[in-house]
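Q:
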Amino acid sequence: MPAFPLLAVDIGNTSTVIGLADEQLNLTNTWRIRTNREHLPDDLAMRLHGLLQLTGAPMPRAAILSSVAPPLGENYALALRRHFAVEAFEVRATNLPDVSVELDVPDAVGADRLCNLFGAEKYLGHHEYAVVVDFGTSTNFDVIGRGRRFLGGVLATGAQVSADALFSRAAKLPRITLQAPGTAIGKNTTHALQSGLVFGYAEMVDGLLRRIRAELPGPAVAIATGGFSRTIEGICREIDHYDETLTLRGLVELWASR
């Protein structure tokens, strides 16, 4: 069995989530930092070392990487090799033989979506299917079948991206915090924007989940993850579970299954 602690790094377009797992595959530490594509391996090594020192966490002895922001994945791998003497496993559709990617071009699937497949397994229960709604820069609906089958999904614009586009094109609209207002009918501009951006987005999520479930031959459990999932928790009617660490835990489960 490879050595522990295990460092799991999920590199997204906007933020990077990092976790440290122990021998029982439990996440003992997690950090969320901004993704910066200009960081070189030495920059990343300093940042990793600083995070570990800040919390008194032990140095990693193994690592797994998921990246949708090249060339950061390669730079993290170099940083770990040069400064931590760790050879990281980089997640790709082509190096997971027990996963069936049922897409037209299987190796086009994002590494984070493969991690979600592993993270969602514990929620399948008696269901044959699961849908992971991953709220990031884009909102991904990952449709998963029992037996580690990635069946496909939906890609939608992320809530913050939609808000930024609206603010950039309408000079008089104020920038607001994306949080649910008390009522759908707005009594001022901020209230109206929050209603449209939060309630409107939640309705889009519920509508797509209903369409996805209608196309599947059996019932599907729906799990939400990602930063914006906290905002719509309790608003979306079609989501069964909320799990902020699903992708990171999926990385750990994926590594352990090799």
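Residues 0 to 257 in numbering that gives the first Met the number 0 are what the sequence shown spells out, letter by letter. Glycine residues also receive a C-beta, built at the ideal position from the N, C-alpha and C atoms.
Just the Cα atoms here: how many angstroms apart are PHE83 and GLU73?
A: Here residue 83 is taken as the residue at index 84 of the sequence shown, counted from 1. Here residue 73 is taken as the residue at index 74 of the sequence shown, counted from 1. Answer to the nearest angstrom: the Cα atoms are 15 Å apart.
Q: Are GLY109 and VAL67 touching if we call contact CB-CB under 8 Å?
A: For the purposes of this step, residue 109 is identified with residue 110 of the sequence shown, where counting begins at 1. For the purposes of this step, residue 67 is identified with residue 68 of the sequence shown, where counting begins at 1. Cβ distance < 8 Å, so GLY109 and VAL67 count as in contact.
Q: Beta strand (DSSP E) containing SER14: first to last residue?
A: Residue numbering aside, residue 14 sits at position 15 when the sequence shown is read from its first letter. Start and end: 14-20.
Q: If you reduce the DSSP assignment to three classes, tell me which class ASP103 lands in.
A: The count along the sequence shown starts at 1 and reaches residue 103 at position 104. Note: ASP103 maps to coil in three-state DSSP.
Q: Output needed for GLY225: all residues of its chain with C-beta closer than 6 Å, excluding positions within five of it in sequence on either side, in chain order.
A: Within the sequence shown, the letter at position 226 stands for residue 225. Excluding residues within five positions, the ones whose Cβ falls inside 6 Å are ASP133, PHE134 and GLY135.
Q: Between which residues of its own chain and VAL100 is the CB-CB distance below 7 Å, once the five residues before and five after are set aside?
A: For the purposes of this step, residue 100 is taken as residue 101 along the sequence shown, with counting starting at 1. ALA92, VAL108 and PHE149, listed in sequence order.
Q: Using the Cα positions of LEU64 and TRP254, report the straight-line distance between them to the nearest angstrom.
A: In the sequence shown, residue 64 corresponds to position 65, counting from 1. In the sequence shown, residue 254 corresponds to position 255, counting from 1. Their Cα atoms are separated by approximately 10 Å.
Q: Pairs of beta-carbons, one from the region 242-256 and one from the region 188-197, closer than 8 Å: are there three or more?
A: In short, these stretches do not touch, since the Cβ pair count stays below three.
Q: Could you check the C-alpha separation between ALA155 and SER137 for me, to the nearest Å?
A: Against the sequence shown, residue 155 aligns to sequence position 156. Against the sequence shown, residue 137 aligns to sequence position 138. Answer to the nearest angstrom: the Cα atoms are 6 Å apart.
Q: What do you get for ARG33, buried or exposed, if any count of 16 or more other CB atoms within 10 angstroms of its CB means buried?
A: In the sequence shown, residue 33 corresponds to position 34, counting from 1. ARG33 should be labelled exposed.
Q: Taking the continuous alpha helix (DSSP H) assigned at GLY199, which residues delimit it?
A: Position 200 of the sequence shown, counting from 1, holds the residue named residue 199. Residues 199-214.
Q: Inspect the CB distances between the region 8-28 and the region 228-237 and report whether three or more fall short of 8 Å.
A: With the cut-off at 8 Å, the region 8-28 and the region 228-237 do not touch.
Q: Where in the region 50-102 do unbroken runs of the beta strand (DSSP E), each at least 3 residues long, occur, reported from the N-terminal end onward?
A: Counting whole runs of 3 or more residues, the region 50-102 contains the beta strand (DSSP E) stretches 61-66.
Q: Are GLY124 and VAL220 closer than 8 Å when you measure CB to CB?
A: Translated into positions along the sequence shown, residue 124 becomes position 125. Translated into positions along the sequence shown, residue 220 becomes position 221. Yes. Within cutoff.
Q: Could you name the residues of the same chain whose beta carbon sits closer than 6 Å to that of VAL153, not counting the 5 residues immediately before and after it, in chain order?
A: The residue given as residue 153 occupies position 154 in the sequence shown. Excluding positions up to five away in sequence, the list reads PHE140 and LEU207.
Q: What do you reckon, are the CB atoms on VAL85 and ALA62 nearer than 8 Å?
A: The sequence position of residue 85 within the sequence shown is 86, counting from 1. The sequence position of residue 62 within the sequence shown is 63, counting from 1. It is a contact, given that the beta carbons lie within the stated cut-off.
Q: So, at 6 Å on beta carbons, what are the nonlocal neighbours of ALA223 in its own chain, with the 5 sequence-adjacent residues on each side left out?
A: In the sequence shown, the residue the question calls residue 223 occupies position 224. Once the five neighbours on either side are set aside, the close Cβ partners of ALA223 are VAL132, ILE238 and TYR241.
Q: Report the residue from LYS171, ARG145 and GLY199 whose alpha carbon sits nearest the alpha carbon of GLY157.
A: The residue given as residue 157 occupies position 158 in the sequence shown. It is GLY199.
Q: Rounded to whole angstroms, how far is the Cβ of ILE211 from the Cβ of VAL142, which I believe are closer than 8 Å?
A: As a first step, residue 211 is located in the sequence shown; it is residue number 212 there, counting from the start. As a first step, residue 142 is located in the sequence shown; it is residue number 143 there, counting from the start. About 6 Å; that satisfies the 8 Å criterion.
Q: Given a threshold of 16 other Cβ atoms within 10 Å of its Cβ, counted over all protein chains shown, does ARG209 qualify as buried or as exposed?
A: Counting from one through the sequence shown, the residue named residue 209 turns up at place 210. By the 10 Å Cβ count, ARG209 comes out exposed.
Q: When the distance is taken between beta carbons, is CYS114 closer than 8 Å to GLY322?
A: The shown model of the chain, from 0 to 257, leaves out residue 322, and the question about it has no answer.
Q: How far does the beta strand (DSSP E) with ALA7 in it reach, from first residue to last?
A: Counting from one through the sequence shown, the residue named residue 7 turns up at place 8. Unbroken beta strand (DSSP E) run through ALA7: 5-10.
Q: Indicate the three-state DSSP secondary structure (helix, strand or coil) for ARG174 in the structure shown.
A: Stepping through the sequence shown from its first residue, residue 174 is reached at position 175. Residue state, collapsed to three classes: coil.
Q: Excluding five sequence neighbours on each side, which residues of the same chain lie with their C-beta closer than 6 Å to the C-beta of GLU120?
A: Numbered from its first residue, the sequence shown carries residue 120 at position 121. Cβ neighbours of GLU120 beyond the five flanking positions: none.
Q: How is GLY144 classed by DSSP in three states: helix, strand or coil?
A: On the sequence shown, residue 144 is found 145 positions in, with the first residue counted as 1. Looking at GLY144 - three-state DSSP - the assignment turns out to be strand.
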